[in-house]
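Numbering (our numbering), first residue to last: 171 to 390. Worksheet for the structure shown next.
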């Protein structure tokens, strides 16, 4: 199969809900490496991105219409690229995704609550910025159980996932994925990241710090 390569800014979003009760979340920005692609071990995700210059409300309207037409239920993950003022929808995956914990952190709820609230209903529309917090997803080297427990005690740490992956040309790698959030300004995410780095030496790599700083500075 041959696909057109669309180069641009990398984003992702999710649709949460059931027929008649959907939220299409403002996007999450992905960091990329020097080759312009997301690095499986050093990529950082940050959001929500709500800068009016991106006119994401047009994408939200299209995705909402699609969800209503296809009657999606639960979570739907959408990969996006933004280039020269135009949005491109790259993939649509009706499933729990690698972004779900990050979008749940933005919403200030547990991922399972997405499904419960979809059924029972909620008075919050998570398509709106006012109902969201800033969240950051980053990766770190695998840690001991004791360290992970200490890390999770931080009030800004929402989720920690111990994972294993295989990278081309390398053996299996164990690592952790961490999601942090704040209901303060976006700069507070960097403060939290720096505090975690001081409390847990080596926790946050220089590359993660640089990627996080770039995304937080660039996106509103």
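We put the CB at the ideal spot given by N, CA and C, even for glycine.
Taking the beta carbon of residue 362 as the centre, do at least 16 other beta carbons fall within 10 Å, making it buried, or is it exposed?
Reading the chain shown from its first residue, position 192 is the one you call residue 362. When all chains shown are included, residue 362 counts as buried.
How about residue 378 and residue 203: do their beta carbons lie closer than 8 angstroms?
Locating residue 378 in the chain shown gives position 208, counting from the first residue. Locating residue 203 in the chain shown gives position 33, counting from the first residue. Not in contact: residue 378 and residue 203 (Cβ atoms no closer than 8 angstroms).
Quick one: using the 10 Å Cβ neighbour count with 16 as the cut-off for buried, is residue 376 buried or exposed?
The count along the chain shown starts at 1 and reaches residue 376 at position 206. Classification of residue 376: exposed, given that the 10 Å Cβ count is below 16.
Helix, strand or coil for residue 381 per DSSP?
Looking up residue 381 in the chain shown gives position 211. If DSSP states are grouped into helix, strand and coil, residue 381 belongs with the helices.
Express the C-alpha separation of residue 184 and residue 197 in angstroms, rounding to a whole number.
In the chain shown, the residue the question calls residue 197 occupies position 27. In the chain shown, the residue the question calls residue 184 occupies position 14. Spanning the two alpha carbons is a distance of roughly 8 angstroms.
Start and end residues, alpha helix (DSSP H) containing residue 320
Working through the chain shown from its first residue, we reach residue 320 at position 150. Taken as a continuous stretch (DSSP letters only), the alpha helix (DSSP H) holding residue 320 covers 315 to 322.
Label residue 310 either buried or exposed according to how many other C-beta atoms from any shown protein chain fall within 10 Å of its C-beta, with 16 as the threshold for buried.
Taking the first residue of the chain shown as 1, we reach residue 310 at position 140. Buried.
Around the C-beta of residue 186, are 16 or more other C-beta atoms found within 10 angstroms, so that it is buried, or is it exposed?
What you label residue 186 is simply residue 16 of the chain shown in a count that begins at 1. Classification of residue 186: buried, given that the 10 Å Cβ count is 16 or more.
Look at the Cβ atom of residue 259, then the Cβ atom of residue 250, and state whether they are nearer than 8 angstroms.
In the chain shown, residue 259 corresponds to position 89, counting from 1. In the chain shown, residue 250 corresponds to position 80, counting from 1. Cβ atoms of residue 259 and residue 250: closer than 8 angstroms.
Rounded to whole angstroms, what is the Cα-Cα separation between residue 189 and residue 369?
Taking the first residue of the chain shown as position 1, residue 189 is located at position 19. Taking the first residue of the chain shown as position 1, residue 369 is located at position 199. Taking the straight line joining both Cα atoms gives about 45 angstroms.
Start-end ranges of the beta strand (DSSP E) lying completely within the region 212 to 284, minimum 3 residues:
215 to 217, 244 to 253 and 256 to 263
Beta-carbon proximity check, residue 182 vs residue 230, cutoff 8 angstroms:
What you label residue 182 is simply residue 12 of the chain shown in a count that begins at 1. What you label residue 230 is simply residue 60 of the chain shown in a count that begins at 1. The answer is no: Cβ separation not under 8 angstroms.
According to DSSP, simplified to helix, strand and coil, what is residue 366?
In the chain shown, the residue the question calls residue 366 occupies position 196. Of the three classes helix, strand and coil, the one that applies to residue 366 here is helix, per DSSP.
Output needed for residue 294: all residues of its chain with C-beta closer than 6 angstroms, excluding positions within five of it in sequence on either side, in chain order.
The residue given as residue 294 occupies position 124 in the chain shown. Cβ within range, chain order: 301.
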